[in-house]
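According to this note's numbering, the residues represented by the sequence shown are 285 to 796, in order.
All residues carry an ideal CB built from backbone N, CA and C; glycine is no exception.
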Amino acid sequence: MEESRKKKRKKIEEEEAVEKSSSDEAVDEKKSKKSKKVKKAKTKEEDKKEKKEKKEKKEKKEKKSKKDKKKDKKDKKDKKKKKTKKREPSSDEGDSNGTEEKQAARAKKRRKREADVAQLESEAAATMAEAVAEAAKPDPSATNAAAAAGDSAAAEAGAEQPAVKTYPPPPPGNVTLLLFYQYVRPSWTPSAARNAENYARDSLTHHGCTGRLRCAREGFNGTLTGSAEGIRGFCQDLRDYDHEKFGATDFKIVDGLRDNQRLKGLKVWHVEELVTYGFGAATATRGVAPLEAGGTHLPPEEWHAKAAEPDTVLIDVRNANENAIGRFQPLGDASRVLDPNMRTSTEFPAWVDEAFPKLQAAKKVLMYCTGGIRCERASALLVQKGLDASKVFQLEGGIHRYLEAFPTGGHWIGKNYTFDRRFAHGPVPVGRCCLCTAPWERYQAHKKCVVCRMEVLLCRECERSGKYKGQTLKCHLCGGPKPSYLPDDDAATTTFKPKNRGHSSFEAEGDY
């Protein structure tokens, strides 16, 4: 009995223990689930908070970046305004007027830069008349001194050396202009050409000269400015460097120019040809149009006399934009002047082939250009093509020297493109405005032909009134108004078509 009670109690205790164990496990499981739930909720909250923080940081960074960009933009704008204020005068007429004034100022500055050299040469030429007049009445003592110096130099150089061409003594003045060219025969070797170029550059730098000097194996071609002493010092340096080649060089000197007429900067550079006829470096120095075979040089007085003789033809070796405002017309006979209608010198050889029968039929062929350099190889080309050398002549010193010898014009009509010393006296214009056809001679508007890109004449009234806007501007070779010396039925119009409409087919050459 007692044993059965014990067994029963034991069984009850075991059941209670099992029940308690199950209850503990359930409690533990419940606690674990609750813990996991709390932990998951906490993790979600942390993730949410972290994402929020990241988003805030990103927004803050973007905001700061935008602010910095805005600030940088503002700083750049302020700097630009400051620069503009320094360059342009202040205006109180409002923002729109200020913008227009800025554009006008920029356009004016560009036009001034483009016209700097042409304006210098044109205005400087007016001073040449006075310089020539003074040179025509030299002081006896100065003449004697110059002669003595010339004799001394000739004695040192030797009897076979060329005669030294003198230049006027330096009068008081701030700026002096020098125009010159010199072909050297025989041509320099490549190393000798480099040495001569470096020597000239060093000399120009030493004397404080500015301007441009084209250097080639066949010689020099320069347009330079400086003090009277500096320019003459450079000329003397060239003669000291090689007296045989530069002793007889015709240095054209104009004194007494204003300070603002000084050319900006110095440019000395190598070219294949002094005048770009398209022969190339190899043929420019040998084989094609050798200078020794060129025409006879005639001083202005002799050239003037021969130009009036019958059966004589004249060839204008300049570009069409130059002869559109002035040329030679002996005895008023326009038919005696053969105009190649060139836009660049590279077109001259082809024109010679075309016009050769007319040249052969003439008794005398007289050639001219602005300063003489373009006639040198051009006359040699005529002779090489088969023309009799005895009837080919070229104007010594070019139009420049001719107008010094004939101040009233002689056979010349109109205006010399760059160096007309009568510029201030206003010769009768022969050119015409390409828009209204009124007489006009100045290329101050810097407008170009829409067909060939050669510069055209636009009068001041048409330019200032804005009539040219939206209009098709053409040169006289492409259908525009012809110069007054040509009849309306003259076949000056050409069928020239530029290869690249996006680039200028016409190039303003630095030759004179």
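With contacts defined by Cβ atoms closer than 8 Å, A500 and A477 form a contacting pair. For the alpha helix (DSSP H) assignment, the uninterrupted runs of no fewer than 4 residues enclosed by the region 513-592 are, from N- to C-terminal side, 527-530, 564-569 and 584-591. Proximity to S768 across G492, G610, C493 and K292 peaks at G610, based on C-alpha coordinates. Nearest Cα to A689 within the set E557, G495 and E585: E585. According to DSSP, A500 shares a beta bridge with G503.
Annotation for Q668: the continuous alpha helix (DSSP H) segment containing it runs I657 to Q668. Here D595 carries a coil assignment [DSSP, helix/strand/coil].
Going by beta carbons, T596 and K642 fall outside the 8 Å limit. Per DSSP, R716 lies in no beta strand (DSSP E) segment and is marked neither H nor E. If you draw a straight line from the Cα of S749 to the Cα of P765, it comes to about 20 Å.
Note that the C-beta distance between G578 and A646 is not below 8 Å.
In the same chain as L666, and ignoring 5 residues on each side of it, the C-beta atoms closer than 6 Å to its own belong to V676, in chain order. For the pair A608 and Q728, the Cα-to-Cα distance works out to about 15 Å. Excluding the 5 residues flanking it on each side, L757 has same chain C-beta neighbours closer than 8 Å at C718, L719, K731, K732, C733, V734, V740, L742 and G764, in chain order. In the three-state DSSP reduction, F640 falls in the helix class (H, G or I).
Beta-bridge partners of L462 (DSSP): L508 and I537. The beta carbon of E747 lies closer than 6 Å to those of A729 in the same chain, with the five residues before and after it left out. With a threshold of 16 other beta carbon atoms within 10 Å, K290 falls short and is exposed. A buried status is given to T460, since no fewer than 16 other beta-carbon atoms sit within 10 Å of its beta-carbon. With fewer than 16 other beta carbons inside 10 angstroms of its own, S307 counts as exposed.
Secondary structure at P723: strand, using DSSP grouped into helix, strand and coil. Annotation: the continuous beta strand (DSSP E) that includes L679 extends over V676 to L679. The C-beta distance from E502 to Y467 rounds to 6 Å, short enough to fall under 8 Å. By the CB criterion at 8 Å, Q678 and H581 fall inside the cutoff. With contacts defined as CB atoms closer than 8 Å, A484 and W472 fail to qualify as a contacting pair. Sixteen is the threshold: since fewer than 16 other Cβ atoms of the shown chains lie within 10 Å of the Cβ of A388, the residue is exposed. Check the Cα spacing between A634 and each of A662, E513, E340 and K336: the tightest is with A662.
According to the DSSP assignment, I683 belongs to the alpha helix (DSSP H) that extends over G682 to A689. Residue pairing from DSSP places T494 in a beta bridge opposite T509.
The shortest C-alpha to C-alpha distance from F612 to any of N700, G670, K536 and E309 is the one to N700. Shown here for Y652: same chain residues with a beta carbon closer than 6 Å to its own, the five before and five after excluded, namely L679 in chain order. Excluding residues up to 5 positions away in sequence, I609, K699, P713 and G715 lie with their Cβ nearer than 6 Å to the Cβ of E725 in the same chain. The same chain holds no residue with a CB closer than 8 Å to that of K360 once the five nearest residues on each side in sequence are set aside. Selection E638, T628 and G517 evaluated against F535 yields G517 as nearest (Cα-Cα). In the structure shown, W472 falls within a coil segment according to DSSP collapsed to helix, strand and coil.
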